[in-house]
Every structure is written in C-alpha cells, then in structure tokens.
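Numbering (this note's numbering), first residue to last: 62 to 141. Beta carbons: idealized from backbone N, C-alpha and C, even for Gly. Report on the structure given below.
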C-alpha cells in the first residue's frame with residue numbers, strides 16, 4: 062500500500078460509519094468503472110454477431126415489433 066493511500070485510510074477511519082460508506086461507495090464505483098473494457102466488449106459483440114449468437118434475439122425482437130408486442134421505454138424503466 063502506498064503512503065498516500067495509507068494516509069487517506071487513516072483519515073477515513075476518523076469519519077462516521079455513514080461517511081465511510083459514502084466514500085467506499087465512490088471508490089468502488091470508480092474501480093469498477095475503470096475496469097470496464099470498451100474494446101473487449103466491442104470485440105465480443107462483433108464475435109457473437111459474426112457467429113449468429115444474436116440471431117435469436119433479433120428474430121424475437123422483430124416478431125414482437127411485427128405483432129405489436131412492444132412497450133415504450135419509459136413504461137419499462139418506470140416499472141422496473
């Protein structure tokens with residue numbers, strides 16, 4: 062552990078549990094976001110597309126659209 066990180070942890074230990082949780086949430090969110098690999102995602106999607114792995118999803122979506130089995134995005138998000 063670096064000295065700077067240790068200093069930050071020492072300071073955080075002086076905070077209330079609620080304040081510690083807020084900071085921990087922000088740190089974890091940052092770590093998760095920094096590990097997200099856009100290029101890897103794009104490569105995987107391209108691979109799946111080329112190998113027909115998305116065909117079933119596309120066919121289902123097209124059938125739902127054709128049969129008016131669709132919902133507005135707001136309806137889906139508001140009821141989630």
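Checklist entry - Under the three-state reduction of DSSP, which class applies to residue 75: helix, strand or coil? => result coil
Item to check | Rounded separation between residue 62 and residue 71 - CA only | outcome: 12 Å
Item to check | Under the three-state DSSP convention, the category residue 130 falls into | outcome: coil
Checklist entry - For residue 73 versus residue 79, is the C-beta spacing smaller than 9 Å? => result no
Checklist entry - Since residue 119 contacts residue 125 with CB under 8 Å, what's their CB separation in whole angstroms? => result Not a contact, Cβ separation roughly 11 Å.
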